[in-house]
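Just so you know, the protein sequences line up as chains A and B, in that order. Quick note on this note's numbering: the first sequence kicks off at 1 and runs consecutively. Quick note on this note's numbering: the second sequence kicks off at 1001 and runs consecutively. Written below as structure tokens is the structure these notes are about.
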Amino acid sequence: MKHARIAWAGAVHHAVADGDQLRLANGTRLAEDQVVWLPPVVPGTIIALGINYADHKKELAKELSFSAKDEPLAFLKGPNALVGHRGQTRRPAAASFMHYECELAVVIGRHARRVKRAEALLYVAGYSIANDYAVRDYLENWYRPNLRVKNRDGCTALGPWLVDAADLPDPQALGLRTFVNGELKQHGNTRDLIDDVPALIEYLSGFMTLSPGDLILTGTPEGVVNVNPGDEVVCEIDGLGRLINTIVSEGL
Amino acid sequence: MLVISDALGCAAGRAAAEDRPLAAWRSVSGFAPPPIATAYGTLLNHRDALAALGDAVHQPPYKASPKAPVLYIKPRHCLAGHGAAVEVPADADALEVGAQLGIVIGAEACRVREADALAHVAGYTICSDLSVPHPSYYRPSLRYKARDGFLPLGPWVLGAQHVPDPDALEVVVQIDGHEAQRYSTAGMQRGVARLIAEVSSFMTLARGDLLMLGAGPKAALARVGQTVRITIEPIGTLEHRLVAEGPA
């Protein structure tokens, strides 16, 4: 099943997908553009992965100061960063390079501590799509990626749906695509993840407890380009839908 | 206003509200941490902590001294209360104790001016920001800082009106009763108001968020079996222990 959190008629509702419509618990059916889409999960800890696709690693090679990678490059984000489907993300006026990152988002469903790879997927509630923007102008070499680059208000779109894990038995073979104003700019496949979903859960739960509502944004493949105010950025992942986001100028 | 840990309900609430000395409660364990939303930390804010790196700040991988505040996040399972027993991973000889002032946000802070920033503070608490010592600030692994229990804080949040000058507080760390570090928040490159202003320029701090001001120079190290006490008057004293990690 596909779940959404929406605001409609003055209240926040849980909704499920019903054909190309949304259905509320009371049976009300609504079109996608009738509601305000919220991030489908009220987040706990938000963990994100840097450079988790081999091709993206190559793309960034020039600015990377390390050679061998011995463990996943995980970092944390705050809830201030999240915005829902059909939301807006602000581009700082002075920035010269702001880019999207289409990512498979894993939503944890059970407390996970020292979980082994073979059992890891049992701890997943479901999946969503994240578009985790970066404003590279602000990159500094202290505690990378620094929060001014990756934790800006509204710079991580999430949604539209939380898709139950049962409906997506193999998260390891999903095509990802990003379109800017309808033009395909980024594509990849989760089979190319350097550390796949079970590996990430095993790694993270080895030193920190994961809990229901925690999010793991698994990283992005190559193909990131600058976006500007007015651009419509659509991130698509097989089986998870299409996450739409619009870039606006910071003045708004 | 006093914001109280809720673990002991009325008893702890009364103790804090009456400003009774913490000593009266030292035999009581089981304080919950203050109800923090998201915990943000600031690195290298103390001038001497940054200066201790010397010319390394200009060398790779850093290549330049930090411009914006160097921030990080402690995930929710880091939070631990006064009296906590924190597990030290088996492969760590000691933990670094990032003793520091915790700023608890009371009113959402988005793009606030420095002059207005203190009005967004609910109060202050004491933080023991624990890390496995690590050599690099470039892209350190979450394993060093994000472990369960690695942020004991409390014992409570003292209302901001009781802390007239948060930029002139003495922080004293004792390990097993011996003084291991002493510094003043006056040594910060960014004081409380300026830090809030700069952080909130790109990142909204919500009510209930914790922003840590930054640790002092020459942080103390503590080992399994040792007790850490951090005193910041007029807030009080935070105490916790370090224990060996349990079996897998």
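All residues carry an ideal CB built from backbone N, CA and C; glycine is no exception. The structure presented is a predicted model; accordingly, all values stated were derived computationally and were not measured.
Proximity of chain A to M1203/B at the Cβ level (cut-off 9 Å) is accounted for by G78, N80, A81, L147, R148, N151, R152 and D153, in chain order.
Taking CB atoms only, T89/A has no neighbour in chain B less than 8 Å away. Interface criterion met: the Cβ of A1206/B is under 8 Å from a Cβ in chain A.
With a cutoff of 8 Å on beta-carbon distance, V106/A and V124/A are scored as near each other. Taking C-beta atoms as the reference points, Y1062/B and N141/A count as a pair closer than 8 Å. Contact of N141/A with chain B is assigned, a C-beta pair being separated by under 8 Å. Any Cβ of chain B closer than 8 Å to the Cβ of G44/A would place that residue at the interface, and such an atom is present.
For A1094/B, the closest C-alpha among the options G1225/B, T1231/B, L1213/B and I1232/B is that of G1225/B.
In the three-state reduction of the DSSP assignment, T1185/B falls in the helix class. For the stretch 1068 to 1099 of chain B, the beta-carbon criterion of a distance under 9 Å to any beta-carbon of chain A is satisfied by A1068, P1069, V1070, L1071, Y1072, I1073, K1074, P1075, R1076, H1077, C1078 and P1089. Taking CB atoms only, Y127/A has no neighbour in chain B less than 8 Å away. Leaving aside the five residues that flank A1084/B on each side, the residues in its chain whose CB is nearer than 7 Å to its CB run, in chain order, G1149, P1152 and H1240. For A74/A against L204/A, the beta-carbon gap comes to about 7 Å, under 8 Å, which counts as contact. Any Cβ of chain B closer than 8 Å to the Cβ of L73/A would place that residue at the interface, and such an atom is present. For R136/A, the closest C-alpha among the options V225/A, S249/A, L24/A and Q21/A is that of V225/A. Rounded to whole angstroms, H85/A and E71/A show a C-alpha spacing of 32 Å. Just so you know, the alpha carbons of V41/A and T246/A end up roughly 20 Å apart. For A1146/B, the chain A residues whose Cβ falls inside 8 Å of its Cβ are L76, F207 and M208, in order along the chain.
Annotation note: the stretch 9 to 96 of chain A contains the following uninterrupted beta strand (DSSP E) runs of length 3 or greater, listed N- to C-terminal: 11 to 18, 21 to 24, 29 to 31, 36 to 38, 46 to 50, 73 to 77 and 87 to 91. The straight-line gap separating the alpha-carbon atoms of G182/A and A95/A is approximately 23 Å. If you draw a 10 Å sphere on the C-beta of H14/A, you find fewer than 16 other C-beta atoms in it, and that means exposed. One finds K1067, A1068 and F1202 in chain B with Cβ atoms closer than 9 Å to the Cβ of Y138/A, taken in chain order.
C-alpha of A93/A to C-alpha of A157/A: approximately 20 Å in a straight line. Approximately 10 Å separates the beta-carbon atoms of D20/A and R29/A; this is outside 8 Å, ruling out the contact. Bounds of the alpha helix (DSSP H) holding L147/A are L147 to K150. No Cβ of chain A is located within less than 8 Å of the beta carbon of R1194/B. Here the alpha carbon of L1118/B sits roughly 28 Å from the alpha carbon of T89/A. Across the set G10/A, D238/A and R152/A, the C-alpha of R152/A shows the shortest separation from the C-alpha of S1201/B. Each residue's CA atom was taken as its position, placing P1066/B and T1038/B some 23 Å apart.
Look at R110/A: its C-beta is not under 8 Å from any C-beta on chain B. Residue pairing for H1046/B: DSSP places it in a beta bridge opposite M1188/B. D1165/B counts as exposed, since fewer than 16 other C-beta atoms from the protein chains shown sit within 10 angstroms of its C-beta. In the three-state reduction of the DSSP assignment, H187/A falls in the strand class, which pools E and B.
In this structure, G1216/B sits near A1049/B, with a CB-CB distance shorter than 8 Å. Less than 8 Å divides the Cβ of G1214/B from the Cβ of L1043/B.
Q1161/B sits in a helix when the DSSP states are folded into three classes.
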